[in-house]
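Worksheet: the structure to be examined is printed underneath.
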Amino acid sequence: MGHILTPIGIFDYKQGNFVLLERFPNNPKKAADLFKKKQEDADLDTELGVLACKRMKKLFKENGVNFASFIHDFNVELTKINLKLELGKPDYRIIQIVNALNEIESSINLYSERLREWYLLYYPELSQKIRNPEAFAKIAAKESKKDSMGADLNDFDVNQLKDFAKFVSSTYKTRNVLENYLGTLMKKNFPNLNEVAGSKIGAALISIVGSAERLAKLPSSTIQVLGAERALFRHLTTGARPPKYGVILNHPLIQNAPRKLRGKIARALAAKISIAIKRDVYGGLFMGKDLKRDLDKKVKRIKKK
Amino acid sequence: MKKLERFGKEFGTLNLVPGKKVYGEKLVKRNGREYRIWNPYRSKLGTALVKGLRNFPFNENSEILYLGAGNGTTVSHISDLATNGIIYSVEFSPRAMIDLLFVSNQRKNVVPILADANKPQDYLGRISQVDILYEDVAQKNQVQILRKNADLFLKEGGSLFLMIKARSIDVTLKPKVVFRAVEAQLSPYFKILERIKLDPYEKDHLCLVMQK
Chain H
1 MGHILTPIGI FDYKQGNFVL LERFPNNPKK AADLFKKKQE DADLDTELGV LACKRMKKLF
61 KENGVNFASF IHDFNVELTK INLKLELGKP DYRIIQIVNA LNEIESSINL YSERLREWYL
121 LYYPELSQKI RNPEAFAKIA AKESKKDSMG ADLNDFDVNQ LKDFAKFVSS TYKTRNVLEN
181 YLGTLMKKNF PNLNEVAGSK IGAALISIVG SAERLAKLPS STIQVLGAER ALFRHLTTGA
241 RPPKYGVILN HPLIQNAPRK LRGKIARALA AKISIAIKRD VYGGLFMGKD LKRDLDKKVK
301 RIKKK
Chain S
1001 MKKLERFGKE FGTLNLVPGK KVYGEKLVKR NGREYRIWNP YRSKLGTALV KGLRNFPFNE
1061 NSEILYLGAG NGTTVSHISD LATNGIIYSV EFSPRAMIDL LFVSNQRKNV VPILADANKP
1121 QDYLGRISQV DILYEDVAQK NQVQILRKNA DLFLKEGGSL FLMIKARSID VTLKPKVVFR
1181 AVEAQLSPYF KILERIKLDP YEKDHLCLVM QK
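In order, the protein sequences belong to chains H and S.
The opening position of the first sequence corresponds to residue 1 in my numbering, with each subsequent residue numbered one higher.
The opening position of the second sequence corresponds to residue 1001 in my numbering, with each subsequent residue numbered one higher.
In C-alpha cells, the structure reads:
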C-alpha cells in the first residue's frame, strides 16, 4: 500500500492506524517545500488520502500541532510555491504582450491621425509627401519646414508639435520592440507553433484560450475558429452558417488564397497548428520545418483541384 | 451579536477585519459594529440571499470547501461568518490567486489552494473534511467536479451549494432544460433542498442547495 502525505509528515497505514514515517519541520515554509518535493515522486493512495482528510485534525493534535494556524500557514506557503512556478510560465508573458500590442495598435492609429491633422496646420506638404504613418511621425519630429503654405508658427508652438511627434514615433518604436520580444519568446518556447502559425498568430491563439497547455488539448476544428466566437455561437444557437476561420485568417497562406479555397486551407492549417502545439507542450523534437513543408504541399494540392 | 444582518434589500456581514474592504464593498456601522454590505451583483451567494435563500448553514464553526474561489469576494463574506471555521479556497487562475493570497493574509480562516478542482487528488492530504461544499466554477463538467469533491471531502449530511451557469454547460439549450438535466444528474446522490434563480443579478444562473 502507498503512503500518505500530510502537512505534518508522511504516514504509513497499518491495521487501522496512521504511523508516522517522516515528520516535517514545524516551519510552514519548510514543510511546504518538503511536501512539494515528496508530492512529485510519492506513490499516493487516494483511499488513504480520504481517510487522512477525515482524521487530519486528530493527526495534528497527536503530533502537537495547532490545526487552525498550521493548516492556514502551510497552505499559504505551498500555494506561494505553486504560484511562483505557474507565474514563471512564458504563456503569461506572451498573453500580456499580445494584449499590450493590441492596445498600442488601436491607440497608435488615433495618435497618428491626430499628428497628421495637427501637422497640416504647420507644414501640409510634408504630410502630403509621406504617407506611411510611422515614417511620418519620425520625420515630423525632426524636420523643419521649407517653403510651405502652412502657418508661420513660432518656435514655442513648433516645439510642442514636435514633442507630440516624438511621442508618436517612440510609441511605434515600443511596438516594434515588443513585436520582436514576442517573436523571441515564441521561438524559444513554442518553436513548432511559431514555425507553422507565425509568432503573432501563435501568440494570439495562446492568448485566446489562456495557456499553451489548453491550446494543446483543443481539437483542430476548434483551433480553426478561435477568435470567431461570436460567429461560432451564432451558428450554434441560430443555425446560421459556421465561421471558416478565426485569428488564423491573418496567416499568409490564407491571405494569399482565393476566397473560395480559404475554408479548406484554414482546415489544413489548423490541423498542423494542432500538431505543432502538442509537440511544443508535451515535449519532442523540433518538427516545425516538416510540418510547414507538408502544409505547403497540402495547400498546393488544394489550389490545384 | 448577529454576524449576518439585513440592510434594506441587501445583507451585510460583521467585518472580521474592521476598517478594511476586500472588493470595494460598502462599510456600514450598526450598534457600533462595522458590517460589509454583501453586493448581490458581485457574489452569487449574496444574490441567493437577496432572492430569499432559506437554507443557510454557514455558522461560526463551519468548515467549507469552496471551489472556484476567484478573487475572494464571496469567500470574504463567508470568512466574516465562519470566524472559528475554515474556508479551503480552491482557485485555478494564478491571477485570481494573487488577490486571494492577500485576502488570506488578513483572514486566517481563509486557506488558499492553487489547484484545479477537476483534480482533487492535488489537494488531498492538505485539507480536512468539510461541512459544506460550495462550487462556482462555470465549467462544462461542473456536475462531475462537484460529485468528485463531495465523495472525497464532504461529511455525511453535509450541505452542497452549486451555482449552475447554464451557458457554460450548453449554450445551445434553453437554461431551463440545462437546469433540469443537472438536477436529474445530481438527485440520485444528493437530496435537493432548494433552487433559486439568480436573475436578474446573474443571467441564466441557478443556485442549487443540496444535502449529502
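Note that the Cβ used here is the ideal one computed from N, Cα and C, for glycine as well.
Being a predicted model, the structure only gives us computed values, none of them experimental.
Specify, as a first and last residue, the run of the alpha helix (DSSP H) that residue i falls within.
{"i": "Pro243(H)", "result": "No alpha helix (DSSP H) contains Pro243(H), which DSSP labels as neither H nor E."}
{"i": "Thr1013(S)", "result": "Unbroken run through Thr1013(S) is the beta strand (DSSP E), 1010 to 1014; no alpha helix (DSSP H)."}
{"i": "Gly1046(S)", "result": "1044 to 1050"}
{"i": "Arg1195(S)", "result": "From DSSP, Arg1195(S) is part of no alpha helix (DSSP H) but of the beta strand (DSSP E) over 1191 to 1197."}
{"i": "Ser1159(S)", "result": "Not the alpha helix (DSSP H): Ser1159(S) falls in the beta strand (DSSP E), residues 1154 to 1165."}
{"i": "Gln255(H)", "result": "252 to 255"}
{"i": "Val225(H)", "result": "220 to 225"}
{"i": "Asn1105(S)", "result": "1094 to 1106"}
{"i": "Asp290(H)", "result": "288 to 304"}
{"i": "Gly263(H)", "result": "262 to 282"}
{"i": "Pro1175(S)", "result": "1175 to 1186"}
{"i": "Asp91(H)", "result": "90 to 120"}
{"i": "Glu134(H)", "result": "133 to 142"}
{"i": "Lys129(H)", "result": "124 to 129"}
Determine the burial state of residue i: buried for a count of at least 16 other Cβ atoms within 10 Å of its Cβ, exposed for fewer.
{"i": "Arg114(H)", "result": "exposed"}
{"i": "Gly1012(S)", "result": "buried"}
{"i": "Arg262(H)", "result": "buried"}
{"i": "Lys323(H)", "result": "Nothing in the structure corresponds to residue 323(H), since chain H is present only between 1 and 305."}
{"i": "Met224(H)", "result": "One detail in the question is off: residue 224(H) reads as Gln in this sequence, not Met. That one is buried."}
{"i": "Asp41(H)", "result": "exposed"}
{"i": "Phe286(H)", "result": "exposed"}
{"i": "Lys329(H)", "result": "In the structure as shown, chain H begins at 1 and stops at 305. Residue 329(H) is therefore absent and cannot be evaluated."}
{"i": "Val247(H)", "result": "buried"}
{"i": "Asn192(H)", "result": "buried"}
{"i": "Asn1015(S)", "result": "buried"}
{"i": "Gln1144(S)", "result": "exposed"}
{"i": "Arg1107(S)", "result": "buried"}
{"i": "Ala135(H)", "result": "exposed"}
{"i": "Asn1039(S)", "result": "buried"}
{"i": "Phe11(H)", "result": "buried"}
{"i": "Thr237(H)", "result": "exposed"}
{"i": "Thr1047(S)", "result": "buried"}
{"i": "Leu21(H)", "result": "exposed"}
{"i": "Gly9(H)", "result": "buried"}
{"i": "Arg293(H)", "result": "exposed"}
{"i": "Arg116(H)", "result": "buried"}
{"i": "Phe1190(S)", "result": "buried"}
{"i": "Ala1184(S)", "result": "exposed"}
{"i": "Gln160(H)", "result": "exposed"}
Need the endpoints of the beta strand (DSSP E) that residue i sits in, please.
{"i": "Ile1132(S)", "result": "1130 to 1135"}
{"i": "Tyr1066(S)", "result": "1063 to 1067"}
{"i": "His1205(S)", "result": "1205 to 1211"}
{"i": "Lys1029(S)", "result": "1027 to 1030"}
{"i": "Phe1007(S)", "result": "1004 to 1007"}
{"i": "Val1090(S)", "result": "1086 to 1091"}
{"i": "Val1111(S)", "result": "1110 to 1114"}
{"i": "Arg1126(S)", "result": "Where Arg1126(S) is concerned, there is no enclosing beta strand (DSSP E), given that its DSSP letter is neither H nor E."}
{"i": "Ile1037(S)", "result": "1033 to 1038"}
- Query: Going along the stretch 227 to 239 of chain H in order, which residues come within less than 7 Å of chain S, judged by CB to CB distance?
  - Reply: Result list: Phe233, Leu236, Thr237.
- Task: Determine which residues of the stretch 1158 to 1173 of chain S have a Cβ less than 7 Å from any Cβ of chain H, and write them out in chain order.
- Result: Those would be Val1171, Thr1172, in chain order.
- Query: Where in the stretch 7 to 70 of chain H do unbroken runs of the alpha helix (DSSP H), each at least 4 residues long, occur, reported from the N-terminal end onward?
  - Reply: List check, alpha helix (DSSP H) in window: 28 to 41, 46 to 62.
- Message: Taking beta-carbon pairs under 8 Å, can you tell me which members of the stretch 1123 to 1136 of chain S lie near chain H?
- Response: Of all residues in the stretch 1123 to 1136 of chain S, Leu1124, Gly1125, Arg1126, Ile1127, Ser1128, Gln1129 have a Cβ within less than 8 Å of some Cβ in chain H.
- If you measure beta-carbon to beta-carbon, which residues of the stretch 45 to 59 of chain H are closer than 8 Å to chain S? Here the close residues are Thr46, Gly49, Val50, Ala52, Cys53, Lys54, Met56, Lys57.
- Taking a cut of 8 Å between CB atoms, which residues from the stretch 74 to 93 of chain H lie near chain S? The residues in question are Phe74, Asn75, Val76, Leu78, Thr79, Lys80, Asn82, Leu83, Glu86, Leu87, Tyr92.
- Message: Under 8 Å, with one C-beta from each stretch per pair, do the stretch 1033 to 1046 of chain S and the stretch 1069 to 1077 of chain S reach the 3-pair mark?
- Response: Short answer: they touch.
- Message: For the stretch 61 to 72 of chain H, list every residue whose C-beta sits within 9 Å of some C-beta in chain S, in sequence order.
- Response: Listed by position along the chain: Phe67, Ala68, Ser69, Ile71, His72.
- Message: Using a Cβ-Cβ cutoff of 7 Å, what residues of the stretch 1102 to 1116 of chain S are near chain H? List them in chain order.
- Response: Listed by position along the chain: Ser1104, Lys1108, Val1111, Pro1112, Ile1113, Leu1114.
- contact_flag[the stretch 1062 to 1072 of chain S, the stretch 1083 to 1097 of chain S] where n(CB pairs < 8 Å) is 3 or more: Contact holds between the stretch 1062 to 1072 of chain S and the stretch 1083 to 1097 of chain S, because three or more Cβ pairs, one in each stretch, are under 8 Å apart.
- Below 8 Å, can you find three or more Cβ-Cβ pairs linking the stretch 168 to 180 of chain H to the stretch 76 to 87 of chain H? No, the stretch 168 to 180 of chain H is not in contact with the stretch 76 to 87 of chain H.
- Task: Output, in sequence order along the chain, the residues in the stretch 4 to 30 of chain H whose CB is closer than 8 Å to any CB in chain S.
- Result: Residues passing the 8 Å Cβ filter: Ile4, Leu5, Thr6, Pro7.
- Query: Does the pairing of the stretch 1148 to 1166 of chain S with the stretch 1123 to 1135 of chain S give three or more beta-carbon distances under 8 Å?
  - Reply: These segments touch.
- Query: Given a limit of 8 Å on CB to CB distance, which residues of the stretch 1171 to 1203 of chain S reach chain H?
  - Reply: Answer in chain order: Val1171, Thr1172.
- Task: Indicate whether the contact test is met: 3 or more Cβ pairs, each with one atom in the stretch 142 to 151 of chain H and one in the stretch 42 to 52 of chain H, closer than 8 Å.
- Result: No, the stretch 142 to 151 of chain H is not in contact with the stretch 42 to 52 of chain H.
- At least 3 beta-carbon pairs within less than 8 Å: the stretch 23 to 35 of chain H vs the stretch 57 to 76 of chain H: The answer is yes - the stretch 57 to 76 of chain H touches the stretch 23 to 35 of chain H, with three or more Cβ pairs under 8 Å.
- Message: If contact is defined by three or more beta carbon pairs under 8 Å, each pair taking one atom from either stretch, is the stretch 1090 to 1109 of chain S in contact with the stretch 1028 to 1038 of chain S?
- Response: Judged by Cβ distances under 8 Å, the stretch 1028 to 1038 of chain S makes no contact with the stretch 1090 to 1109 of chain S, as fewer than three pairs qualify.
- Message: Quick check: the stretch 129 to 142 of chain H against the stretch 156 to 170 of chain H, are at least 3 beta-carbon pairs closer than 8 Å?
- Response: Contact holds: three or more Cβ-Cβ distances are below 8 Å.
- For the 8 Å Cβ check, are there 3 or more pairs between the stretch 1200 to 1209 of chain S and the stretch 1047 to 1054 of chain S? Yes, the stretch 1200 to 1209 of chain S is in contact with the stretch 1047 to 1054 of chain S.
- Message: To test your reading of the DSSP string, which unbroken alpha helix (DSSP H) runs of 4 or more residues are found completely within the stretch 162 to 202 of chain H?
- Response: Listed in chain order, the complete alpha helix (DSSP H) runs (minimum 4 residues) inside the stretch 162 to 202 of chain H are 191 to 197.
- Should the stretch 1121 to 1131 of chain S be regarded as contacting the stretch 1145 to 1160 of chain S, the criterion being three or more beta carbon pairs within less than 8 Å? Between the stretch 1121 to 1131 of chain S and the stretch 1145 to 1160 of chain S, the count of Cβ pairs shorter than 8 Å is three or higher; the stretches touch.
- Sufficient close CB pairs (3 or more, under 8 Å) joining the stretch 293 to 300 of chain H to the stretch 258 to 273 of chain H: Two segments are said to touch when three or more pairs of C-beta atoms, one from each, lie closer than 8 Å; by this definition the stretch 293 to 300 of chain H touches the stretch 258 to 273 of chain H.
- Which residues, in order along the stretch 1013 to 1028 of chain S, keep a beta-carbon less than 8 Å from a beta-carbon of chain H? Correct list: empty, as no residue qualifies.
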